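A.B. asks: Chains as they are written, first to last, in UniProt numbering: chain A, 1 to 390; chain B, 1 to 351.
Before anything else, here's the structure in question.
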């Protein structure tokens, strides 16, 4: 095991690039793949390494020392890929998984719509059968990395005459098709990491379906389960300005590390961060021992989001006015401001904190569900989101 | 690092849970005249649990802290009114660290009950030691001695080092937590035996770290039990035509209880593993666990009581006992101020 750690450490020291543009990210991912460090726990027949969670843990702890340019691959690696492993045909697995792991092809996830955020199943993008093909029309939103994606996993409505969860199908689509239009959408940080995506008569072959026609909700739930583990279990980068170690360093730089309130707040943040890291480690160890995390990924996601809010508060205690204004040349000031502005996304993206609590309550604790008004009503008769009554 | 219990440890948990289900006389202590549950104490001793981490040559079972934490979790779940924390943790840990062989076997067998006498902030107690006629005597007062009301043996830390004494005037204090006694002790020329240590303060630090982990184990058990009873109640209690657990306000509070319970358990498995396998990491793990766990445990108990509504506020319901235990445990040994200062100190050292 220490041999594996040595290998990872030496390889990273040699190969992590300084720049973060797309080309160097792709080169880096390809080199990672060639070095046998991509898809560490994935089956070897799909291009993975077939190793255990222990190796993954070693890899995670080592890469935490670096700021890798691999975030553009996270949706493919963490969500689309694992779902294709679960539900794909042999042809789909062979076609998509190796280039995904190698970083040759970037993936995005096309679920959310302007009228279907937390209530994903009320989406209105339609897929209509035309001979051997499907024809897609509609709009998606908040689609991370769509502007650079080669492929996407799209959830669309294939039957409006059945209740909303039953009429969905998942498709694997080519984002470079001219019938797909991607428009950047600026978020509250002022950057545009995500997009609006429009489909105008996008034509798909029959084998673009992932899973079964009408079983899109099952595919979506499968992918969302991977997403929560992927988001919540994400090891915080050493250069995340809101990680405890970096806030402690900021406190020292500002001469605030002697303030008893700052010391106490930092101590609480450390304890909460450790609790989450150890919870994620425990989930991985349980998974290895045969108990999959299931809905407990929602705990990781919820606790991770709460930790971010706590860290924002600590940053304010440490920085005071220095969090409100800084010298234009001060990159550290910019980074902290960006982190503070990004923090709310952790409580919204991938299912809000409220959705995670409902998942924990329903699926883990077995509490009775809230009365559902639309479960048995054909989608066509619903008034949902932005849909106008017919 | 092993954060998942193995099958033997799970078996131990089932055994202790079963024992407590059959023999925990919580109300006979809370409502009655009993100061602790003597019958349960005998059963715990009979199973060798009172000497779980004591080496076999001193009459113990020679198990590890992971195992002792499993037992403490169950005792915390059941709010078992026995002097386990004082005797099998605080006093036994001190005697083991000091290499005592005289009293330790009697504590390990459960025949005698021990208590630890230190200051409220883990310093020397105000008791003074004087050498007289080739022996030592203790004088002075010590308060807030956990289970001091029922202890047979006092392990006393003074500015002159460590002593063991058996004679003290004791005054039982009225306690916030009716399941765990405290006493004020008065030593008046009490004969004592000195326990030499190369570094008496280092012994205290070790006892303190292990106490933080042990207390967290009790707290983890308390949170788990509060979660369980609250979720059960939310499933059956109907208001406005549906089970209250179907309302988001209640469901989300239950989800937060679960999230707390899972993270506390994770910190606990780690700290217990560290105590057995990586002692150099223990000070940091022990300081961190109380900072997170003690307030979380009180908040869980408060929330659980709230979610039970009016019934939760009644004497008949156990919710108040978890609330009182949680607040009391949070305030032991200097409370959160002390824990935060200690963790901040560990972090500053490590940087």
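Even for Gly, the Cβ is constructed at its ideal location relative to N, Cα and C.
Since the model is a prediction, treat every value here as computed from it, not as a measurement.
1) For residue 29 (chain B), which option in B:79, B:199, B:241 and B:348 has the closest C-alpha, if you only look at C-alpha atoms?
2) For residue 94 (chain B), decide whether its Cβ has a neighbour in chain A, counting only Cβ atoms nearer than 8 Å.
3) Taking Cβ to Cβ, would you say residue 36 (chain A) is nearer than 8 Å to residue 47 (chain A)?
4) Helix, strand or coil: which one does DSSP assign to residue 36 (chain B)?
5) Mapping the DSSP letters down to three states, classify residue 144 (chain B) as helix, strand or coil.
6) Which two residues bound the contiguous beta strand (DSSP E) that contains residue 140 (chain A)?
7) For the stretch 271-293 of chain A, enumerate the residues whose C-beta is nearer than 8 Å to any C-beta of chain B, in chain order.
8) Can you tell me which of B:346, B:42 and B:177 puts its alpha carbon nearest to the alpha carbon of residue 19 (chain B)?
9) Alpha helix (DSSP H) containing residue 108 (chain A): first to last residue?
10) Quick check: what's the CA-CA separation for residue 6 (chain A) versus residue 35 (chain B)?
11) Anything in the stretch 352-373 of chain A with a Cβ closer than 9 Å to a Cβ of chain B? List those residues in chain order, please.
12) Give the range of the beta strand (DSSP E) segment to which residue 306 (chain A) is assigned.
13) Given this structure, state the Cα-to-Cα distance separating residue 204 (chain B) from residue 331 (chain B), to the nearest angstrom.
14) Going by Cα to Cα distance, which pick from B:290, B:257, B:55 and B:154 is closest to residue 354 (chain B)?
15) Round the Cβ separation of residue 269 (chain B) and residue 282 (chain A) to the nearest angstrom and send it over; I've been treating them as touching at under 8 Å.
16) Under 9 Å Cβ-Cβ, which residues of chain B neighbour residue 299 (chain A)?
17) For residue 352 (chain B), which residues from the same chain have a beta carbon less than 7 Å from its beta carbon, with the 5 sequence-adjacent residues on both sides left out?
18) Note down, in chain order, each residue of its chain lying with its Cβ closer than 6 Å to the Cβ of residue 164 (chain A), except the 5 sequence neighbours on either side.
19) Please list, in chain order, the chain A residues whose beta carbon lies closer than 7 Å to that of residue 234 (chain B).
20) Consider the Cβ of residue 302 (chain A): report whether some Cβ of chain B lies at a distance smaller than 8 Å.
21) Nearest-angstrom Cα distance between residue 19 (chain A) and residue 166 (chain A)?
22) When the Cα atoms are used, what is the spatial distance from residue 186 (chain A) to residue 201 (chain A)?
23) Starting from the N-terminal side, write out each stretch of the beta strand (DSSP E) that is 3 residues or longer and does not extend beyond the stretch 160-223 of chain A.
24) Can you find a CB in chain B that lies within less than 8 Å of the CB of residue 263 (chain A)?
25) Sort A:381, A:14, A:296 and A:382 by Cα distance to residue 63 (chain A) and report the nearest one.
26) Go to residue 153 (chain A), then tell me how far its beta strand (DSSP E) extends in each direction, as first and last residue.
27) Would you say residue 214 (chain B) touches the ligand HEM, meaning its beta carbon is less than 7 Å from a heavy atom?
28) Does the separation of the CB atoms of residue 161 (chain B) and residue 115 (chain B) fall below 8 Å?
29) Quick one: residues in its chain with C-beta nearer than 8 Å to the C-beta of residue 15 (chain B), no 5 flanking neighbours on either side, listed in chain order?
30) Name, in chain order, the residues that DSSP records as bridge partners for residue 130 (chain A).
31) Using a Cβ-Cβ distance cut-off of 8 Å, determine whether residue 267 (chain A) contacts chain B.
32) Does the contact criterion of 3 or more C-beta pairs under 8 Å hold for the stretch 119-134 of chain B versus the stretch 148-157 of chain B?
33) Closest by CA to residue 312 (chain B), which one among B:263, B:233, B:207 and B:286?
34) Taking Cβ-Cβ distances shorter than 9 Å, what residues in chain A pair up with residue 66 (chain B)?
35) Is the number of C-beta pairs between the stretch 71-91 of chain A and the stretch 215-227 of chain A that are closer than 8 Å three or more?
36) According to DSSP, is residue 233 (chain A) helix, strand or coil?
C.D. replies: Put simply:
1) To locate residue 29 (chain B), count along the second chain from 1; it is residue 29. Residue B:79 is the option with its Cα nearest to residue 29 (chain B).
2) To locate residue 94 (chain B), count along the second chain from 1; it is residue 94. No Cβ of chain A is located within less than 8 Å of the beta carbon of residue 94 (chain B).
3) If you number the first chain from 1, residue 36 (chain A) lands on position 36. If you number the first chain from 1, residue 47 (chain A) lands on position 47. No.
4) Within the second chain, residue 36 (chain B) is the residue found at index 36, counting from 1. In the three-state reduction of the DSSP assignment, residue 36 (chain B) falls in the coil class.
5) Taking the first residue of the second chain as position 1, residue 144 (chain B) is located at position 144. Strand at residue 144 (chain B).
6) Working through the first chain from its first residue, we reach residue 140 (chain A) at position 140. From DSSP, the beta strand (DSSP E) with residue 140 (chain A) extends over 133-144.
7) 271, 272, 274, 275, 276, 278, 279, 281, 282, 285, 286 and 289
8) Residue numbering aside, residue 19 (chain B) sits at position 19 when the second chain is read from its first letter. Considering only alpha carbons, the answer is B:42.
9) Taking the first residue of the first chain as 1, we reach residue 108 (chain A) at position 108. Residue 108 (chain A) -> not in any alpha helix (DSSP H); beta strand (DSSP E) instead, spanning 107-110.
10) Along the first chain, one-based indexing puts residue 6 (chain A) at 6. Along the second chain, one-based indexing puts residue 35 (chain B) at 35. Residue 6 (chain A) and residue 35 (chain B): Cα-Cα distance of roughly 58 Å.
11) Residues of the stretch 352-373 of chain A with a C-beta less than 9 Å from any C-beta of chain B: 353, 354, 356, 357, 358, 359, 360, 361, 362, 364, 365, 366, 367, 368, 369, 370 and 371, listed in chain order.
12) Translated into positions along the first chain, residue 306 (chain A) becomes position 306. Following the DSSP letters along the chain, one finds residue 306 (chain A) in no beta strand (DSSP E) but inside the alpha helix (DSSP H) bounded by residues 297-319.
13) One-based indexing of the second chain puts residue 204 (chain B) at position 204. One-based indexing of the second chain puts residue 331 (chain B) at position 331. Annotation: residue 204 (chain B) to residue 331 (chain B) spans about 19 Å, alpha carbon to alpha carbon.
14) No answer is possible for residue 354 (chain B): it lies beyond the span of chain B, which begins at 1 and ends at 351.
15) Taking the second chain and counting its residues from 1, one reaches residue 269 (chain B) at position 269. Taking the first chain and counting its residues from 1, one reaches residue 282 (chain A) at position 282. That pair is a contact at about 7 Å.
16) As a working note, residue 299 (chain A) is residue 299 in the first chain. Within 9 Å of the CB of residue 299 (chain A), the CB atoms of chain B belong to 255, 258, 259, 262 and 263, in sequence order along the chain.
17) Nothing can be reported for residue 352 (chain B): it is not among the residues displayed for chain B, which extend from 1 to 351.
18) As a position in the first chain, residue 164 (chain A) is number 164, starting the count at 1. The answer, listed in chain order, is 121, 122 and 379.
19) For the purposes of this step, residue 234 (chain B) is identified with residue 234 of the second chain, where counting begins at 1. Those are 367, listed as they occur along chain A.
20) Position 302 of the first chain, counting from 1, holds the residue named residue 302 (chain A). Chain B, which has a Cβ nearer than 8 Å to the Cβ of residue 302 (chain A), makes this yes.
21) Looking up residue 19 (chain A) in the first chain gives position 19. Looking up residue 166 (chain A) in the first chain gives position 166. Cα-Cα distance, rounded: 46 Å.
22) Sequence index remark: in the first chain, residue 186 (chain A) carries index 186 (1-based). Sequence index remark: in the first chain, residue 201 (chain A) carries index 201 (1-based). Their backbone Cα atoms lie some 26 Å apart in a straight line.
23) 168-174, 180-185 and 194-205
24) As a first step, residue 263 (chain A) must be located in the first chain, where it is residue number 263. Answer yes: the Cβ-Cβ gap between residue 263 (chain A) and chain B drops below 8 Å somewhere.
25) Here the question's residue 63 (chain A) lines up with position 63 in the first chain. By alpha-carbon distance to residue 63 (chain A), the top candidate from A:381, A:14, A:296 and A:382 is A:14.
26) Position 153 of the first chain, counting from 1, holds the residue named residue 153 (chain A). Where residue 153 (chain A) is concerned, the enclosing beta strand (DSSP E) stretches over 151-157.
27) Absence of the ligand HEM is noted for the structure shown, with no ligands found whatsoever.
28) For the purposes of this step, residue 161 (chain B) is taken as residue 161 along the second chain, with counting starting at 1. For the purposes of this step, residue 115 (chain B) is taken as residue 115 along the second chain, with counting starting at 1. No; because the gap between Cβ atoms is not below 8 Å, this pair is not in contact.
29) Here residue 15 (chain B) corresponds to residue number 15 of the second chain, with the count starting at 1. Around residue 15 (chain B): 47.
30) Here residue 130 (chain A) is taken as the residue at index 130 of the first chain, counted from 1. Per DSSP, A:133.
31) On the first chain, residue 267 (chain A) is found 267 positions in, with the first residue counted as 1. So, interface residue.
32) Output reads yes: the stretch 148-157 of chain B touches the stretch 119-134 of chain B.
33) In the second chain, counting from the first residue as 1, residue 312 (chain B) sits at position 312. Closest option to residue 312 (chain B), Cα to Cα, is B:233.
34) Residue numbering aside, residue 66 (chain B) sits at position 66 when the second chain is read from its first letter. Neighbours of residue 66 (chain B) on chain A: none; closest Cβ ~13 Å, over 9 Å.
35) yes
36) Translated into positions along the first chain, residue 233 (chain A) becomes position 233. Reliability fails at residue 233 (chain A), whose pLDDT of 49 lies under 50, so the model's placement of it is uncertain and no value is given.
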